[in-house]
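Trainee: So that we are looking at the same thing, I have put the structure below in structure tokens.
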Amino acid sequence: MERQIHSMDEISDGKLYGLNDMVKADCQDCRGCSACCRGMGNTIQLDPFDICRMENGLGKVFEELLQESVELTAVQGVILPSIRMNGTEEKCSYLNAEGRCTIHPFRPGICRLFPLGRIYENGGFQYFLQTGECRMENRTKVKVRKWIDTGDLKRYEKYICDWHYFIKELQNQCMTGEEGHMKKVSMTVLQVFYLTPYDGNLDFYEQFYDRMNVCQRELAI
């Protein structure tokens, strides 16, 4: 989820962090708390790597995820998938009766990051600690790279950055373009990055950048 803010002091401890920095984010396995898995609306947006991990972890294709746990939402003109919240409690589709995540080993990137966030500037990004978001008290310090819990972090960070600015460019096009172009953008993104399955035996990032080249050609970016 992207937010527009006037000052980092409004939402953070005022510091910016890198992968090797220590940050007070470790909620010690949450101890049964699942507040951040409820009432999140459509803010748990899913990027292509999230979907690839979920497809491999659950043994399902994107169409099946749409039927069970994922919904599509327009985000500044571009339709993107997000985790569906269910019931009167609006709880995550993957939260069990004990308040535990049933897809924790392959949970989405936003979930891995929380309560950290990213601030994008000058073609890159840094991490920050969100204040007033995680309800757990007495959190302990943990190295950012350990908290994110994702392999090959150098390539992952490059991918996250490239995906962010790619989507921003498409959103800018949609906000200033005609309705027909907006539909083409969304349909192309969904088909190229989400509906076409990823091969779990091949490198994800190579597949992603091949698809980005296809999408850029089709949308004349």
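Once you know that position 1 of the sequence shown is 38 in our numbering, the rest is easy, because the numbers rise by one and skip nothing.
The beta carbon of each residue, even a glycine, is placed where N, CA and C say it ideally should be.
Given this structure, state the Cα-to-Cα distance separating Gln104 from Ile88, to the nearest angstrom.
Mentor: Against the sequence shown, residue 104 aligns to sequence position 67. Against the sequence shown, residue 88 aligns to sequence position 51. Cα to Cα, the separation comes out at about 14 Å.
Trainee: Compute the Euclidean distance between the alpha carbons of Thr80 and Trp184, then round it to the nearest angstrom.
Mentor: Sequence index remark: in the sequence shown, residue 80 carries index 43 (1-based). Sequence index remark: in the sequence shown, residue 184 carries index 147 (1-based). Rounded to the nearest angstrom, the two C-alpha atoms are 20 Å apart.
Trainee: Can you check the region 152-194 for any alpha helix (DSSP H) of at least 4 residues that lies completely inside it and give the ranges in chain order?
Mentor: 181-185
Trainee: Quick one, which of Leu239, Phe203 and Cys211 has its alpha-carbon nearest Tyr157's?
Mentor: What you label residue 157 is simply residue 120 of the sequence shown in a count that begins at 1. Of the candidates Leu239, Phe203 and Cys211, the one whose C-alpha sits nearest the C-alpha of Tyr157 is Phe203.
Trainee: Taking Cβ to Cβ, would you say Arg90 is nearer than 9 Å to Pro145?
Mentor: The residue given as residue 90 occupies position 53 in the sequence shown. The residue given as residue 145 occupies position 108 in the sequence shown. Closer than 9 Å, so yes.
Trainee: So, are the CB atoms of Leu190 and Ala62 less than 9 Å apart?
Mentor: The residue labelled residue 190 in the question sits at position 153 within the sequence shown. The residue labelled residue 62 in the question sits at position 25 within the sequence shown. No, Cβ-Cβ distance for Leu190 and Ala62 is not below 9 Å.
Trainee: For Ser130, which of Leu102, Ala111, Thr233 and Pro142 has the nearest alpha-carbon?
Mentor: The count along the sequence shown starts at 1 and reaches residue 130 at position 93. Among Leu102, Ala111, Thr233 and Pro142, the Cα nearest to that of Ser130 belongs to Leu102.
Trainee: Restricting to Cα atoms, I'd like to know which of Glu108, Asn250 and Val112 is closest to Met122.
Mentor: Position 85 of the sequence shown, counted from the first residue, corresponds to residue 122. Checking every option, the nearest Cα to that of Met122 belongs to Glu108.
Trainee: Rounding to the nearest angstrom, what Cα-Cα distance links Met249 and Gly214 in this structure?
Mentor: Here residue 249 corresponds to residue number 212 of the sequence shown, with the count starting at 1. Here residue 214 corresponds to residue number 177 of the sequence shown, with the count starting at 1. Separation of Met249 and Gly214 (C-alpha to C-alpha, rounded to the nearest whole angstrom) is 21 Å.
Trainee: Quick one: is Ile258 buried, meaning 16 or more other Cβ sit within 10 Å of its Cβ, or exposed?
Mentor: Here residue 258 corresponds to residue number 221 of the sequence shown, with the count starting at 1. So Ile258 ends up on the exposed side.
Trainee: Of the residues Gln253, Ser119, Glu126 and Asn57, which one's Cα is nearest the Cα of Cys148?
Mentor: Here residue 148 refers to the residue found at position 111 of the sequence shown. Nearest option by C-alpha distance: Ser119.
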